[in-house]
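Asks: Protein chains in written order, with UniProt numbering: chain A, 1 to 503; chain B, 1 to 110.
Heads up, the beta-carbon is just placed ideally off N, CA and C, and yes, glycines get one too.
None of these values were measured; they are calculated from a predicted model.
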Amino acid sequence: MIQHLIVLPVVLPLIAGILMLYQRHGLVRYKRIVSVVATLGLLLVAIGLVNQAASGEITYYALGDWQPPFGIVLMLDRLSALMVLVTALLAVGAVIFACGGDDEKGSNFHGLFQWQLMGINGAFLTGDLFNLFVFFEVLLLASYALLLHGGGKARIQSSVHYVVLNLAGSSLFLIGVGILYGATGTLNMADMASRMSELPAEREGLVVAGAMILLVVFGLKAAILPLYFWLPRAYAAAPAPVAALFAVMTKVGIYAILRVYSLIFGDQAGNLEAIEQSWVWWLSLATLAAAGVGVMAARDFRLLIAYLVLISVGTLLAGVGMRSPEATSALLYYLAHTTLVTGGLFLLAEMIGLQRGKPGTRLVKGRPMVQGAALALAFFFGAIAIAGLPPLSGAFGKALMLNAAEGSQRLWLWPLLLLASLASLIALSRAGSTLFWRSHRGNISGSPLPRYQWVGMLWLLSSSLLMVVFAGPVSDYTQATAEQLANPGLVIDTLLPDAGDTQ
Amino acid sequence: MELLYAITTGVLTASGLYLTLRGRTFPVVVGLTLLSYAVNLFLFSMGGLTTDGAALVNEGDNFADPLPQALVLTAIVIGFAMTAFVVILAMRARSEVGNDHVDGKKDDRE
């Protein structure tokens with residue numbers, strides 16, 4: 001059983017999703033129970049995986065017992081285990097929130113939600129470049145349908161952009177994978193990495209072209225500067241639990257960049273080592289600057305949070321661009337924090353919108369809210385966490401990032417990151433005072449919100465507090481993860497014990 | 001044959017790209033379809049083009065690389081499903097927004 005643990009994050013949501021196909025409408029209670037139980041099960045599996053990976057051993061699961069490099073493998077190291085755990089934590093909050101009524105605004109919410117989880121987990125666990133594409137498609141297909149959940153003009157319009165862009169991105173992904181396969185003759189990432197060291201000189205150009213095309217694709221998913229324009233509208237239009245789950249979608253792109261370029265283009269790749277670095281570094285800084293402007297200009301609370309997601313993307317990619325174990329460790333801590341807190345903020349925005357009634361989440365005067373005090377408290381907590389003020393986890397994450405920058409990197413990162421934080425602080429305090437203080441005198445609006453919504457939202461926001469309490473163990477873990485990533489030889493030796501002997 | 005193959009792929013990609021950048025949803029969908037055809041052809045050729053080769057390994061010296069064929073099959077299936085989805089989405093957008101412009105604008109002539 002224990003050796004099958006690795007495949008469970010993919011199989012469990014798949015089965016749960018199929019169970020809920022039984023009927024499109026009705027059976028609300030049954031679907032909610034199955035969905036919550038499956039998501040909690042996923043959380044348990046993820047904890048088990050982190051436990052297994054924490055020893056530092058890299059394990060893999062050969063599907064159908066076809067051994068690498070020929071078979072398809074799922075690979076578990078500290079990074080994948082951490083990402084699966086973050087996804088599971090986020091999913092529990094989002095699915096509980098959805099039980100408060102959002103799931104019944106369209107058909108098949110829970111089934112699609114589980115399949116999206118399957119795609120995300122698969123992308124985090126796979127050790128095969130083509131399977132990365134397949135799992136990207138699984139998570140995208142589910143996300144297209146989820147983005148449309150509930151319908152409405154704004155959703156359909158932002159969906160058209162999102163779907164067309166991602167379809168074009170998928171074509172580029174296939175071209176990149178095809179070029180890399182043609183140049184190296186393998187699709188297994190570990191095998192490809194080991195072949196980089198003996199790459200014939202005339203094929204270097206092909207590999208560079210393939211790697212750069214892949215960077216465009218991952219950049220599109222991660223929403224890096226010239227490719228992020230789809231994100232704010234799509235995230236602001238998505239239904240709240242879906243927007244919360246989407247908080248981890250940009251991180252799938254960041255994970256893919258981290259995985260592919262640290263493994264395949266690691267120190268064994270000779271001339272091609274770190275070919276992505278300068279691109280990622282400068283574009284991430286530009287993303288930070290643009291997102292800082294965007295967050296100040298946003299006139300809707302949900303749009304504001306979408307720009308906060310972009311700020312976190314810029315920060316995380318700057319960590320990738322620094323390409324040192326310290327920076328990787330810092331970015332992983334920050335990644336867990338920002339994913340969970342922005343997810344919680346999307347849920348909070350929906351709750352505020354529901355209570356305000358007609359003005360929704362637009363930053364204009366409204367009537368006082370019936371549960372205004374409790375919502376304001378949650379908002380205050382979330383805003384402190386995401387803007388990076390002490391004592392919550394955002395401050396730790398940002399301090400780690402700032403500390404990881406070296407030499408001339410400091411000159412660029414420090415002012416930009418601090419200014420972006422200042423911009424989000426100003427924007428959030430303006431939003432908060434408009435939403436909660438500048439209200440008309442008049443009747444109190446809204447009715448009390450379902451208990452599920454409070455539980456889901458508080459689950460995600462309280463993670464920030466837990467990440468401060470357990471900052472020591474978490475940062476030890478991310479430190480060890482970064483060291484493991486900096487040494488791609490470990491993965492190659494595990495997956496291909498006799499590499500070099502056969503040829 | 002290589003030249004013909006390369007030109008076909010290139011022309012398909014160029015037409016697909018041009019149509020994808022148009023302003024109405026129908027040309028965009030057709031463009032995406034052409035683009036996915038081009039990608040399928042491209043993937044197919046990545047293992048190297050073989051003529052008169054066996055489809056299976058161990059059937060003589062001259063055999064085709066089987067992996068790109070499997071990849072193309074996967075890519076075709078996924079591309080087909082995506083095209084079906086985007087067609088439905090475009091129709092929904094047409095009926096909800098009231099016109100077929102990708103940005104939902106009414107009065108421009110592309």
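Residue ranges of each alpha helix (DSSP H) run of no fewer than 4 residues wholly in the segment 356-432 of chain A, ordered along the chain?
Replies: Segments of the alpha helix (DSSP H) lying fully in the segment 356-432 of chain A: 372-387 and 393-404.
Asks: On the CB-based measure, 16 or more other CB atoms within 10 Å of its CB, does Ile213/A come out buried or exposed?
Replies: Buried.
Asks: Report, in whole angstroms, the separation of the C-beta atoms of Leu63/A and Ile72/A, which I expect to be a contact under 8 Å.
Replies: So it is a contact: roughly 5 Å between Cβ atoms.
Asks: Return no unless some Cβ of chain B is closer than 9 Å to the Cβ of Gly17/A.
Replies: Cβ-Cβ to chain B under 9 Å: no for Gly17/A.
Asks: CA-CA distance, Ala395/A and Ile224/A?
Replies: Roughly 23 Å separates the two Cα atoms.
Asks: Give me the DSSP bridge partner(s) of Thr287/A.
Replies: Paired residue(s): none; Thr287/A is not in a bridge.
Asks: Report the option in Lys251/A, Gln277/A, Phe133/A and Pro415/A whose CA atom is closest to the CA atom of Val313/A.
Replies: The residue with the shortest Cα to Cα distance from Val313/A is Lys251/A.
Asks: For Phe381/A and Ser36/B, I'd like the C-alpha separation in whole angstroms.
Replies: Using only the alpha carbons, I get a separation of about 47 Å.
Asks: Are the C-beta of Val10/A and some C-beta of chain B separated by less than 9 Å?
Replies: Chain B, which has no Cβ nearer than 9 Å to the Cβ of Val10/A, makes this no.
Asks: What does the alpha-carbon distance come out to for the pair Pro13/A and Val87/B?
Replies: Using only the alpha carbons, I get a separation of about 28 Å.
Asks: Does the beta carbon of Tyr181/A sit closer than 9 Å to a beta carbon anywhere in chain B?
Replies: Cβ-Cβ to chain B under 9 Å: yes for Tyr181/A.
Asks: Give me the Cβ distance between Val36/A and Leu19/A, rounded to the nearest whole Å; I'm assuming they're in contact under 8 Å.
Replies: Not a contact, Cβ separation roughly 13 Å.
Asks: In the DSSP output, which residue or residues are listed as bridge partners for Ser445/A?
Replies: Met369/A.
Asks: Tell me, please, whether the CB atom of His161/A is closer than 9 Å to any CB atom in chain B?
Replies: With 9 Å as the cut-off, His161/A counts as an interface residue toward chain B.
Asks: What is the C-beta distance between Ala385/A and Leu377/A, in whole angstroms, given that I count them as a contact (C-beta under 8 Å)?
Replies: Not confirmed; about 13 Å, so no contact.
Asks: Given this structure, state the Cα-to-Cα distance separating Asn108/A from Gly26/A, to the nearest angstrom.
Replies: Roughly 10 Å between the two C-alpha positions.
Asks: Would the segment 8-20 of chain B count as touching the segment 86-102 of chain A if we require 3 or more Cβ pairs under 8 Å?
Replies: The segment 8-20 of chain B is not in contact with the segment 86-102 of chain A.
Asks: Using C-beta distances below 6 Å, list every residue in its chain close to Gly151/A, excluding the 5 sequence neighbours before and after it, in chain order.
Replies: Hits under 6 Å: none found.
Asks: Taking a contact to mean a Cβ-Cβ separation below 9 Å, would you say Gly446/A touches Leu348/A in this structure?
Replies: Not in contact: Gly446/A and Leu348/A (Cβ atoms no closer than 9 Å).
Asks: What whole-angstrom Cβ distance do Arg362/A and Arg299/A have, given they're in contact under 8 Å?
Replies: That pair is a contact at about 7 Å.
Asks: Which same chain residues end up closer than 6 Å to Gly122/A when comparing Cβ atoms and leaving out the 5 residues on each side of it in sequence?
Replies: Cβ neighbours of Gly122/A beyond the five flanking positions: Val10 and Phe135.
Asks: Please work out which residues of its chain come closer than 7 Å, Cβ to Cβ, to Phe218/A, disregarding the five sequence neighbours upstream and downstream, and give them in chain order.
Replies: Excluding positions up to five away in sequence, the list reads Gly253, Ala256 and Ile257.
Asks: Straight-line CA distance for Ser464/A to Phe173/A?
Replies: Taking the straight line joining both Cα atoms gives about 35 Å.
Asks: What does DSSP give as the partner residues of Asn188/A in its beta bridges?
Replies: In DSSP, Asn188/A forms a bridge with Asp128/A.
Asks: What separation, rounded to the nearest whole angstrom, lies between the Cα atoms of Ile311/A and Ala286/A?
Replies: So the alpha carbons of these two residues sit roughly 10 Å apart.
Asks: Would you say the beta carbon of Ser329/A is closer than 8 Å to some non-hydrogen atom of the ligand NAD?
Replies: Ligands in the displayed structure: none, and consequently the ligand NAD is not present.
Asks: Determine the direct distance from the alpha carbon of Gln114/A to that of Ile15/A, and round the result to whole angstroms.
Replies: If I take the Cα positions, the gap works out to 9 Å.
Asks: Hey, is Lys31/A's beta-carbon within less than 9 Å of any beta-carbon in chain B?
Replies: No, its Cβ sits nowhere closer than 9 Å to a Cβ of chain B.
Asks: Run through the DSSP bridge pairs and tell me what Tyr60/A is partnered with.
Replies: DSSP output for Tyr60/A lists Met75/A as bridge partner(s).
Asks: According to the Cβ coordinates, are Gly456/A and Ala238/A closer than 9 Å?
Replies: No; because the gap between Cβ atoms is not below 9 Å, this pair is not in contact.
Asks: For Ile305/A, would you say it is in contact with chain B, using Cβ-to-Cβ distances shorter than 9 Å as the test?
Replies: By this cut-off, Ile305/A is not an interface position.
Asks: With DSSP as the reference, label Arg438/A as helix, strand or coil.
Replies: Coil.
Asks: With DSSP run on the structure shown, which of helix, strand or coil describes Arg302/A?
Replies: In the structure shown, Arg302/A sits in a helix (DSSP, three-state: H, G or I).
Asks: Checking contacts by CB at 9 Å: is Glu110/B closer than that to chain A?
Replies: Residue placement at Glu110/B cannot be trusted, given a pLDDT of 45 that sits under 50; the coordinates are not used to answer.
Asks: Below 8 Å, can you find three or more Cβ-Cβ pairs linking the segment 152-167 of chain A to the segment 183-193 of chain A?
Replies: Touching, no, given that fewer than three Cβ pairs across the two stretches are closer than 8 Å.
Asks: To be precise: take each residue of the segment 73-87 of chain B, compare its Cβ to all Cβ atoms of chain A, and keep it if any distance is under 9 Å. Which residues remain?
Replies: Result list: Thr74, Ala75, Ile78, Gly79, Ala81, Met82, Thr83, Phe85 and Val86.
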